[in-house]
Structures are given as C-alpha cells and as structure tokens.
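Since the structure comes first, as structure tokens, the remarks are kept for the end.
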Amino acid sequence: MVLAALTALFTAWSQPAYANVTLTQVSTDTFTNSSSQHRTELEPDTFSFGSTIVSAFQVGRVFGGGSSDIGLATSTNGGATWTSGFLSGLTVNLGGAYSAASDPSVAFDAKHNVWLISSLGVNGPGGNNAVFTSRSTNGGLAWSNPVTVATGALDKNWFVCDNTATSPFYGNCYTQYDITSAGNAIRLSTSSNGGITWSAPIGNSSGATGLGGQPVVRPNGTVIVPHLSGSQIRSFRSIDGGQSWRATVVVANISHHTTAGGLRVNEPLPSAEVGAAGTVYVTWPDCRFRSGCTGNDIVLSKSTSETTWAAPTQVPDPTAGTLDHFTPGIGVDRSTSGSTARVGLTYYYYPAASCSAATCQLDVGYVSSTNGGASWSTPTMLAGPMNLSWLPNTSQGRMFGDYISTSVLPGGPAFAALPIANAPTGSTFNQAINVPTGGRPVGGGSLRSTAAEIAQPRSPVQITASPTAN
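With mature numbering (1 follows the signal peptide of the UniProt record, and there is no 0) applied, the sequence shown corresponds to residues -19 to -1, 1 to 451, in that order.
Structure (structure tokens):
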C-alpha cells in the first residue's frame, strides 16, 4: 500500500479572524511545480462520522483546471487536533499519470469501516479525465493509491455511502459525475465492497443532465440526487440500490443574481444533506426574495416524500440590505430529525453586492438551526474581508471553490473547512484551508424568514460544459 505523504500535526497554529472567531490552519501548499499558483488551497469537502472529521481540497490551483494534488486534513478527536497530507498516485507530482486533480468529495462506509475520497484526475492519458476513489482503512490517516471509477470528459464527481444498518443496501456507496462532452449527462456507479470495485456507469430513466449533483441516502436506502439543471434545481432517485435511477423531478426554479467582481461563483450549485428520519435538505443561492434581484439569499427546500419538495424559504438575512450570498455548505446532525434537527450552514458573501473586482470584499458567514430550519441564529462572520486579488485566478475568474460543506458532530459543534486568503507576498499567494477552532456551536435562534417571494425574470443559468471547468 502506498501511503499519502503526511505533514506535521496542527495543534496550535491558529490565527485570529474577524468577528472574534479564531481559525486554525490545518494544511499548507508545499508543492513547487511550475504549472500551479502556489500557496493556494481551495474547494474543500468535509465529512464526519463519530469523532472523526476528514476534509479534502485542491492544493496549488492550476489556471486552466485542477491543482497540483488533493490535500487532506483529518481529525480523530472531534476537531481538537489535525493531521494533514496529500493523496498519492493521482497527479504527476506524487506518482500519478494526470497533470492535475480536482473536485474532492469525502465519504465514510460504516459497514466496511473505510474512509473514501473521490477526486477527478485532469488531463491524463489520451487527454481524458478520470474519476478516482482513494481509500483509508485506518481512520483517514493513510491512503492507498486510487481506484479508477470511470474515464472520459468528466466533471463534478460526488459520492455518498449508505450507513444505516437496517437499510437493505447497507454498505453500498454511490458515485455520480457528469460527462461534459455529452451535454453534462449525469452518470452513477455503485460499489458494495468499500470502494474497491465499481459498477459500470448508468444514467437515469429521463436522461438527466446537469452539474453539481450531491447524492444523499435516506435511512430506507433510497438515494436522492439533487443537482443543478439549467434554470432549475432538480432531483432523481434510486430505490433499488443503484441498479436503476428514476426520472427527475423539479425541486424549484432558480432566480439568480449574477455575482459581481468576476468571481467564479455564477453556477448556483446545490448543497444537500439528510437527517435521521430521512428529511432531505437542499440549499442554493437565489434572489427570489429580493426586489429587482439585487442580490442572492441562501434558500432552503426540504423533502420527506422523495418526489415532492417544499417551496423554498429564505435563510434569514435582511432582504432590503446590500448583501449577496453564495456557495452554501449545509450540514445536519445525522442523529437528529424533524423539529429537533440540528443544522449548520456556512456560506460566502459580499457585504455590498454592487462592487467591482477592485472593490468587492469577500466574507464567510455561518448560521445554525435546532428545529430543522424553521428558525435560525443570528449570522456570524467567520472570516474576511478578503480582496479578490488574493485568490488564485482561473479561466472562469478568481476562485475559492465551486463548493464548500459543513459537518455537524453528533450532539456537538459544526465544522467547515474554509479557504481563507490573506494578502500575497509578491507573486506568491497566501490562501490556505482553515477551520473554526473548536468548531461553531449549533445553538439555533429565533430568526424566521417573513420575506415573500417576488416575481423575477428567469433566464437559464449558464452551465459550463467544458473539461476546463474543473
């Protein structure tokens, strides 16, 4: 077994952030390849199970797509200390065959006691991309060389495992991705042996297309896949353990404000989670509650039926204000449900939506709910302001990531791995993955949205169907 290169244990490397929130840096870019913008880390996904938290992210962003490699940070003690490293066998920088890596997603398979990281190899043999799975059998500290799931013109992989012991499909893991050369056709593969082998990919019965699907598994074993499709959030499901996938249904139409400053955030990808009783939560940025669509709020839709979805509600923030919210990452305490579900939600935002590349200020916010999103805490500023010039550049604008996520520990705090940028030193960037020290409380609050939806003109969201979108 080839192990990931591990760096030092991060215990006290902390720095003060704004709003009296302390952040702990959990990784750093140590690569030196000439194709990357170095000292950059971005686009993290985070997953927790028990007291273990694993985050994976891009390290050393490449302008045209991907990064030097996939980094990871693992805590086995509820976020008290962290160990960092990199995945071997993906890119040419650590023994692999691909020029770059992108789109990390983290899962845990309880039946087989294995941690999994899905990633996208960019520009490999024949110019193809590949969806990979890396495995760890020792709590997320050491990782094997990757298993290939699929190759081709692929993008935006994500995966999940069925961890309910009473489910008829307990121990199944599901990977989804889209084929950019086929109009972003969505495909899914299934593993029943801890990610060692994967089934041939299949689509759903209605030929679903889209981007940014985030599959979740209900306790009964049904897999729900919310995704962005044109000017809608849609979803589809499997009720037979991934052997077939049913037709898509509409979650909601999207009303979307184009975010200023040339920031790479204008594909309103969803973030999805599921509670203990099977309620599925989906969030995305939307301007439906703003007169004139002057800025996006984070909105939430829920489903308990698998095929119908509640009307979106606004996560409270002043609709008459100047803020523009985007890139939400929702987390749910999977030991809670219904009216007592504990929810954490992290997001990025501009305090002033009407800004330019030179004047936009990027902040990170956090809210929580203890009643399944019926009411929320007062928003907390976790970090910022960040100048956009502090972020690595891409073919689609300055970037901190196409997604983030939040993990809520059972009965405990919420953790989100955050790309935080500070002023560069010369031509070298200063962007790294940080977590709020000790996590953030899931205390909820009494803020309820009273905003009424305002009719907005809807135009299709432009989804980039290109291998360089990674």
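No residue lacks a Cβ here, since even glycine has one placed at the ideal position from N, Cα and C.
Computed from a predicted model, the values in this text were never measured in an experiment.
Less than 7 Å between the C-beta atoms of residue 309 and residue 264, yes or no?
yes
Would you mind reading off the limits of the beta strand (DSSP E) that contains residue 363?
361 to 368
Based on the DSSP output, what are the partners of residue 142 in its beta bridges?
Answer is 154.
Pop quiz: residue 162 and residue 134 are said to be a contact at Cβ under 8 Å. What is the actual Cβ separation, rounded to whole angstroms?
4 Å
I believe residue 333 touches residue 275 by the beta-carbon criterion, under 8 Å. Please report the beta-carbon distance rounded to the nearest angstrom.
Incorrect: roughly 11 Å between the Cβ atoms, too far for contact.
Residue 85 to residue 99, Cα distance in whole Å?
5 Å
What residue range is occupied by the uninterrupted beta strand (DSSP E) comprising residue 400?
399 to 402
Just the Cα atoms here: how many angstroms apart are residue 5 and residue 224?
43 Å
Proximity winner among 368, 326 and 354, relative to residue 27 (alpha-carbon distances)
326
Pick helix, strand or coil for residue 73, following the three-state DSSP scheme.
helix
Reference residue 177, options 339, 245, 216 and 95, closest by Cα:
95
Going straight from the alpha carbon of residue 70 to that of residue 127, what length do you get?
6 Å
So, at 8 Å on beta carbons, what are the nonlocal neighbours of residue 159 in its own chain, with the 5 sequence-adjacent residues on each side left out?
135, 136, 137, 165, 166, 167, 168, 190, 191, 192 and 194
Once DSSP output is grouped into helix, strand and coil, what is the label at residue 292?
In this structure, DSSP gives residue 292 a state outside helix and strand, which the three-state scheme calls coil.
Using a Cβ-Cβ cut-off of 8 Å (strictly less than) and excluding sequence neighbours within five positions of residue 230, which residues of its own chain qualify?
215, 216, 217, 288, 289 and 290
Within the same chain, show all residues whose beta-carbon is closer than 7 Å to that of residue 446, passing over the 5 residues directly before and after it, in chain order.
Per-residue confidence for residue 446 stands at a pLDDT of 45, beneath the threshold of 50, marking its modelled position as unreliable; the derived number appears in the next sentence. Here the set comprises 161, 164 and 165.
Using 8 Å as the cut-off, can you tell me whether the region 361 to 369 makes contact with the region 300 to 319, which would need three or more C-beta pairs spanning the two stretches below that distance?
no
May I have a chain-ordered list of the beta strand (DSSP E) segments no shorter than 3 residues that lie completely inside the region 186 to 226?
If we require 3 residues or more, the beta strand (DSSP E) runs fully inside the region 186 to 226 come out as 204 to 210 and 213 to 219.
So what does residue 357 bridge to, in DSSP terms?
Paired residues: 428.
Report whether the distance from the Cβ of residue 89 to the nearest heavy atom of the ligand NAP is below 6 Å.
In terms of ligand content, the structure shown is empty, and the ligand NAP therefore cannot be addressed.
Mind checking whether residue 24 and residue 40 have CB atoms under 7 Å apart?
no
Please work out which residues of its chain come closer than 8 Å, Cβ to Cβ, to residue 148, disregarding the five sequence neighbours upstream and downstream, and give them in chain order.
When the five nearest sequence neighbours on each side are left out, the beta carbons in the same chain lying within less than 8 Å of the beta carbon of residue 148 are those of 198, 200, 201 and 202, in order along the chain.
Please return the same chain residues whose Cβ sits closer than 6 Å to the Cβ of residue 91, not counting the five positions on each side in sequence.
144
May I have the straight-line CA-CA distance separating residue 316 from residue 391, to the nearest angstrom?
The alpha-carbon separation between residue 316 and residue 391 amounts to approximately 6 Å.
Pull up the distance between the alpha-carbon of residue 300 and that of residue 271, whole angstroms please.
Straight-line Cα distance between these residues: approximately 6 Å.
Secondary structure at residue 179, three-state DSSP: helix, strand or coil?
coil
So if DSSP puts residue 81 in a beta bridge, which residue, or which two residues, is it bridged to?
103
Quick one: Cα of residue 115 to Cα of residue 360, how far?
36 Å
Just list the residues that DSSP pairs residue 396 with in beta bridges.
388
Under the three-state reduction of DSSP, which class applies to residue 1: helix, strand or coil?
Here DSSP, grouped into helix, strand and coil, assigns residue 1 to helix.
CA-CA distance, residue 211 and residue 383?
17 Å
Top-ranked residue by Cα proximity to residue 113, from 68, 348, 381 and 151
68
Contacts around residue 228, its chain only, beta-carbon distance under 7 Å, and the 5 residues preceding and following it disregarded:
185, 186, 187 and 217
What number of angstroms, rounded off, separates the C-alpha of residue 34 from the C-alpha of residue 55?
6 Å
Taking Cβ to Cβ, would you say residue 256 is nearer than 7 Å to residue 150?
no
Helix, strand or coil at residue 173 [DSSP, three-state]:
coil
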